[in-house]
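Novice: Numbering of the sequence shown is given in this note's numbering, commencing with residue 367 and proceeding in unit increments.
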Amino acid sequence: MTGMYTLRIILFLTVVAGLGACEKKPTQLRLAIPVLSVDQEIAKDFSELLVSESDIRLELTGSPMSDEAALDALLAEEADIALVSNNMPFRSGITTVMPLYPTVLHIGYRIGRDTSSGVELLRGASVFAGAPGSASRLMFETVISRLELTADDFSYIDSPEQTPNVFVVFAPISPGRIKEFPGFRLLSLGSPGDVGHGSNIDAMTLLNPQLEAFIIPVGTYGDATPEPILTVAVDMLLVARADLDEAVVYDFVHELLRLRPALAALRPGLFRAVSDKVASSNSTFILHKGLLAYTERDAPTVYERYSGIAEVAVTVLIALMSATFAGVRIYRMRRKNRIDVFYTDAIAIRHSIGDSSTLDERTAAAQKIKALQAKAFDMLVDEQLAADESFRIFISLSNDVLQELNDVSEVSNPALC
Numbered sequence: 367m368t369g370m371y372t373l374r375i376i377l378f379l380t381v382v383a384g385l386g387a388c389e390k391k392p393t394q395l396r397l398a399i400p401v402l403s404v405d406q407e408i409a410k411d412f413s414e415l416l417v418s419e420s421d422i423r424l425e426l427t428g429s430p431m432s433d434e435a436a437l438d439a440l441l442a443e444e445a446d447i448a449l450v451s452n453n454m455p456f457r458s459g460i461t462t463v464m465p466l467y468p469t470v471l472h473i474g475y476r477i478g479r480d481t482s483s484g485v486e487l488l489r490g491a492s493v494f495a496g497a498p499g500s501a502s503r504l505m506f507e508t509v510i511s512r513l514e515l516t517a518d519d520f521s522y523i524d525s526p527e528q529t530p531n532v533f534v535v536f537a538p539i540s541p542g543r544i545k546e547f548p549g550f551r552l553l554s555l556g557s558p559g560d561v562g563h564g565s566n567i568d569a570m571t572l573l574n575p576q577l578e579a580f581i582i583p584v585g586t587y588g589d590a591t592p593e594p595i596l597t598v599a600v601d602m603l604l605v606a607r608a609d610l611d612e613a614v615v616y617d618f619v620h621e622l623l624r625l626r627p628a629l630a631a632l633r634p635g636l637f638r639a640v641s642d643k644v645a646s647s648n649s650t651f652i653l654h655k656g657l658l659a660y661t662e663r664d665a666p667t668v669y670e671r672y673s674g675i676a677e678v679a680v681t682v683l684i685a686l687m688s689a690t691f692a693g694v695r696i697y698r699m700r701r702k703n704r705i706d707v708f709y710t711d712a713i714a715i716r717h718s719i720g721d722s723s724t725l726d727e728r729t730a731a732a733q734k735i736k737a738l739q740a741k742a743f744d745m746l747v748d749e750q751l752a753a754d755e756s757f758r759i760f761i762s763l764s765n766d767v768l769q770e771l772n773d774v775s776e777v778s779n780p781a782l783c
């Protein structure tokens, strides 16, 4: 009994251990931490929400990375996902998981600087334009190239704490951050009414489809925005390596969309663009297979897509078969009606001859029967009659009538014998 009890305990512990092993382990993803503090805060919000509300865990990389460095880390498999601007150049092997939130181009200048032109604004200025390789720095480099400015005309500084004269930064709308730049105003790229009328802002969005015109309302940044600011915005993308497991990305997209109310509560107005219509975004990078699988989860299967066509085809086929059978039946009925006329005529001829009929009448009747047979064979050759049982019955009937007429004729005229 003791041995049996011990065996039961061992079996019970084995089953419990097996059930524990079957529990789903959290999915661990490495997120390349961005450079800007506001993006870092958003990344941390992601991580904390996922820990408390899902089976996905985000591990933030040790040091902040510019957009270019983050893409390099993905390709080197040092990270699984990253937050990068949709304004970055295309990179093979990088895929879009989801557009998250718009980042707005903020061009700020210290009050008192000459803003009559871009050249005058930047000449001799100390400029903060984000980290090297960031979307902000790439945009600024494009601007100074078009203005034909060189590195001798201005100087870069590495941090906004170094009190720049001008800053050029793609960042989410964050009214609280203006406290870092006292005595600054935001520069407008034109009047809000210029949008859609062939202005410079229209040229920017035409030549850079990832950009869209954006208006920062009056007072958004307090005294820094005494009037509406016309600028451009670009989406911040969540990207991943192309070889990241499709099922992992599928689950990740599902969790992000499920948690969007919480994200919106943490960052009011920021995540309004997060929706399940992500596949239609104007992404620089190709879409990840996991994202496509999620967006097409409710799409009809091949069977469902073509079932309607198949049903129509089957209906048409059945209708054609029914029409064919009906046509054959009608054709046969018409043939049957034709042979019925011969039946009627043969029987009428038989009834027209009686015991009192003369030899001439009987001979004439026999000629009529033979004429009917000849006509029937002609119609058979022309396929107006069918060589079926009805035709054979008519021939048998007509031959019987002929035989009866011949027998009676021989009795009436023994000389013929």
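Positions of the beta carbon are idealized from the N, C-alpha and C atoms, including for glycine.
#1: Spatial neighbours of ARG457 within its chain, please: CB distance less than 8 Å, with the 5 preceding and 5 following residues excluded, ordered by chain position.
#2: Under the rule that 16 or more other beta-carbon atoms within 10 Å means buried, what is GLY474, buried or exposed?
#3: Tell me which same chain residues have a C-beta within less than 6 Å of the C-beta of SER492, skipping the five on either side of it?
#4: Check each candidate in PHE708, GLN769, ALA732 and name the one with the smallest Cα separation from LYS741.
#5: Looking only at C-alpha atoms, which of HIS472, SER451, GLY549 sits nearest to ALA501?
#6: In chain order, what residues of the same chain have a beta carbon less than 7 Å from the beta carbon of PRO583, not counting five sequence neighbours either side?
#7: Can you list the beta strand (DSSP E) stretches of 3 or more residues lying completely in the region 418-506, in chain order?
#8: Going by beta carbon distance, what residues of the same chain come within less than 8 Å of GLN769, once the five residues before and after it are set aside?
#9: Throw me the rounded Cβ distance for the VAL619 and MET464 pair, which I believe falls under 8 Å.
#10: From GLY542 to ILE675, what does the alpha carbon distance come to, in whole angstroms?
#11: In angstroms, rounded to a whole number, what distance separates the CA positions of GLY496 and LEU622?
#12: Does the region 624-635 come into contact with the region 414-432, if we say contact requires no fewer than three beta-carbon pairs (one atom in each stretch) closer than 8 Å?
#13: Leaving out five residues before and five after SER557 in sequence, what residues of the same chain have Cβ atoms less than 7 Å from its Cβ?
#14: Alpha helix (DSSP H) containing ILE735: first to last residue?
#15: So which of GLN528, ARG633, ALA613, THR710 has the shortest CA-CA distance to ARG663?
#16: Can you tell me whether DSSP reads ASP601 as helix, strand or coil?
#17: DSSP has TYR522 in a bridge; who is on the other side?
#18: Check ILE652 in the structure and name its three-state DSSP category.
#19: Decide yes or no for the touch test of the region 393-403 against the region 427-436: beta carbon pairs closer than 8 Å, at least 3 of them.
#20: Cα separation between PRO634 and ARG607?
#21: Just checking my contact of GLY484 with LEU513 at CB under 8 Å: how many whole Å lie between their CB atoms?
#22: Please report the distance separating the alpha-carbon of SER403 from that of ASN566.
#23: Alpha carbon to alpha carbon, what distance is there between THR462 and LYS655?
#24: Round the Cβ separation of THR481 and PRO538 to the nearest angstrom and send it over; I've been treating them as touching at under 8 Å.
#25: Tell me the rounded alpha-carbon separation between VAL680 and SER688.
#26: To which residues of the same chain is VAL382 closer than 8 Å at the C-beta, ignoring the five residues directly before and after it?
#27: Given SER413, which residues of its chain have a CB within under 6 Å of its CB, disregarding the five upstream and five downstream residues?
#28: What three-state label does DSSP hand GLU578 in the structure shown?
#29: Using the Cα positions of PRO575 and LEU488, report the straight-line distance between them to the nearest angstrom.
#30: Can you give the beta carbon distance from ASP405 to LEU449, rounded, assuming they're within the 8 Å contact cut?
#31: Measuring alpha carbon to alpha carbon, tell me which of VAL535, LEU604, VAL615 ends up nearest THR393.
#32: For the alpha helix (DSSP H) that contains LEU555, what are its first and last residues?
#33: Looking only at C-alpha atoms, which of SER432, ALA590, VAL598 sits nearest to CYS555?
#34: Reducing DSSP to helix, strand and coil, say where LEU771 ends up.
#35: In the DSSP output, which residue or residues are listed as bridge partners for PRO400?
#36: List the whole-angstrom C-beta distance separating VAL534 from MET505, where the pair is believed to meet the contact cut-off of C-beta under 8 Å.
Specialist: Reading off the structure:
#1: So the list reads LEU437, LEU441, PHE651, once near-sequence residues are dropped.
#2: A residue is called buried when at least 16 other Cβ atoms come within 10 angstroms of its Cβ; GLY474 meets this threshold and is buried.
#3: Here the set comprises SER521, ILE523, PRO530, ASN531.
#4: It is PHE708 whose Cα lies nearest to the Cα of LYS741.
#5: Per the Cα distances, SER451.
#6: Once the five neighbours on either side are set aside, the close Cβ partners of PRO583 are PRO594.
#7: Runs found: 422-426, 447-451, 460-476, 492-494.
#8: So the list is empty, once near-sequence residues are dropped.
#9: A Cβ-Cβ distance of about 6 Å is found for the pair VAL619 and MET464, placing them in contact under the 8 Å criterion.
#10: The C-alpha of ILE675 is placed about 59 Å away from the C-alpha of GLY542.
#11: Rounded to the nearest angstrom, the two C-alpha atoms are 28 Å apart.
#12: Segments in contact, yes.
#13: Close CB contacts of SER557 within its chain, under the 7 Å cut and outside five residues either way in sequence, are with LEU596 (chain order).
#14: Here the alpha helix (DSSP H) through ILE735 covers 725-747.
#15: The shortest C-alpha separation from ARG663 is found at ALA613.
#16: Reduced to three states, the DSSP call for ASP601 is strand.
#17: VAL493.
#18: ILE652: strand per DSSP, three-state reduction.
#19: The region 393-403 and the region 427-436 touch, with no fewer than 3 CB-CB distances between them shorter than 8 Å.
#20: Distance between the alpha carbons of PRO634 and ARG607 is about 30 Å.
#21: Sure, about 5 Å apart at Cβ, within 8 Å.
#22: So the alpha carbons of these two residues sit roughly 31 Å apart.
#23: Distance between the alpha carbons of LYS655 and THR462: 9 Å.
#24: The C-beta distance from THR481 to PRO538 rounds to 24 Å, too long to meet the 8 Å contact threshold.
#25: It is roughly 12 Å from the alpha-carbon of VAL680 to the alpha-carbon of SER688.
#26: Confidence at VAL382 is low in this model, with a pLDDT of 49, below 50, so the placement of that residue is unreliable and no value is reported for it.
#27: Within the same chain, and ignoring the five residues on either side of SER413 in sequence, the residues whose Cβ sits closer than 6 Å to its Cβ are LEU424.
#28: GLU578: strand per DSSP, three-state reduction.
#29: Taking the straight line from one Cα to the other gives about 26 Å.
#30: The pair is a contact, with the Cβ atoms about 6 Å apart (cut-off 8 Å).
#31: The option with the nearest alpha carbon to THR393 is VAL615.
#32: Run containing LEU555: none; DSSP gives neither H nor E here.
#33: The displayed chain sequence assigns Leu, not Cys, to residue 555. For LEU555, the closest of SER432, ALA590, VAL598 by C-alpha to C-alpha distance is VAL598.
#34: The answer is helix: DSSP assigns LEU771 an H, G or I state.
#35: PRO400 is bridged by DSSP to MET431.
#36: Between MET505 and VAL534 the Cβ distance is about 7 Å, and since that is below 8 Å, they are a contact.
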